[in-house]
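When we follow this note's numbering, the leftmost residue of the sequence shown carries the number 23, and every step to the right adds one. C-beta atoms are modelled at their ideal positions from N, C-alpha and C, and glycine is treated no differently. The structure presented is a predicted model; accordingly, all values stated were derived computationally and were not measured.
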Amino acid sequence: MRTTTRLGTAALAAATLLLITAGCASGSGASGGSLATAQISPPHGDVVGTGTVVDVAGDVTLCLGPIAESYPPQCDGLPLEGWSWDGVDGFEESGGTRWGTYAVFGTFDGDVFTATQPPIMLALYDPIRPVDPTGGVSGETPAAELDEIASELPTALGDLLLATWTQDGYVWAQVIWDDGTLQDAADAQYGDDVVIIQSALRSLG
Numbered sequence: 023m024r025t026t027t028r029l030g031t032a033a034l035a036a037a038t039l040l041l042i043t044a045g046c047a048s049g050s051g052a053s054g055g056s057l058a059t060a061q062i063s064p065p066h067g068d069v070v071g072t073g074t075v076v077d078v079a080g081d082v083t084l085c086l087g088p089i090a091e092s093y094p095p096q097c098d099g100l101p102l103e104g105w106s107w108d109g110v111d112g113f114e115e116s117g118g119t120r121w122g123t124y125a126v127f128g129t130f131d132g133d134v135f136t137a138t139q140p141p142i143m144l145a146l147y148d149p150i151r152p153v154d155p156t157g158g159v160s161g162e163t164p165a166a167e168l169d170e171i172a173s174e175l176p177t178a179l180g181d182l183l184l185a186t187w188t189q190d191g192y193v194w195a196q197v198i199w200d201d202g203t204l205q206d207a208a209d210a211q212y213g214d215d216v217v218i219i220q221s222a223l224r225s226l227g
C-alpha cells in the first residue's frame, strides 16, 4: 500500500542533514529533534490544492509548485487520480497535452492526490485569505544566517519542498503538506520566528 512515499523520503533526507549540521544548528531551540526527526502524516479528510493540472495523454499531474517555462508546460507534480475534464472549462491544448489552472479538491495519501469533487477554475476561486503568520512584523535574524538556513532546507525537506525564499527577515518555505508538525520542528531547530512553513495543500475540515 502506498501511503507516505514523498513524506518518508523527506524524513530520510532530513536525517542525513542532521549528521552534517547537528553540531552547528542555530537558534535557542536547536536539539536532537527538529526537521530531521519530524514524522509527517498525510492529511485526514479532504484538502484543496491550487495549481496547474497537466494531462499528457491521460497521465495527469497536479503542479503545486513552479512550472517549467515551456509550451506545453511541464512540472514535477503530484500524480492526480480521479480527474475528469467533463464539464471543466478554462483549459488549453497542444498536441497530446491539455492543461489549466484550478482549485482541486480531494485526498492526499502522501504520494498521490485523488480528486473527489469538481474543480473550480482559479480565476473563479475565492479562498479565505490565510492569516499572516508574521503578524506584519519583520524578523530579526541576520540576512547571512537566513541565507544559510535557506540553503539547508532543500536537503532537510526533500520532495516535500516546493519553493524557498527569504523575505522581511524570515526564511519562507512552501511545502506540499504540513499540519503544523514541520513548523514546530523548524522552530525547535532554528528558533521561533525564523522559518515560516507554508502548506500548499489546505485542509477542508
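- The three-state reading of DSSP puts Thr-203 in helix, counting H, G and I together.
- Between Ala-137 and Gly-104 the beta-carbon gap is near 4 Å, inside 8 Å, which marks them as a contact.
- Under the three-state reduction of DSSP output, Tyr-192 falls in the strand class.
- Under the DSSP assignment, Glu-114 falls in the beta strand (DSSP E) whose first and last residues are 114 to 116.
- The DSSP-derived three-state label of Tyr-93 is coil.
- Annotation: the continuous alpha helix (DSSP H) that includes Ser-173 extends over 165 to 179.
- Along the length of the segment 98 to 144, whole beta strand (DSSP E) runs at least 3 residues long occupy 100 to 103, 114 to 116, 119 to 130 and 135 to 137, reported in chain order.
- Across the structure, Ser-56 and Val-110 are spaced so that their CA atoms are roughly 42 Å apart.
- If you draw a straight line from the Cα of Thr-129 to the Cα of Glu-91, it comes to about 28 Å.
- In the structure shown, the three-state DSSP call for Leu-183 is strand.
- Judged by DSSP in its simplified three-state form, Leu-57 adopts helix.
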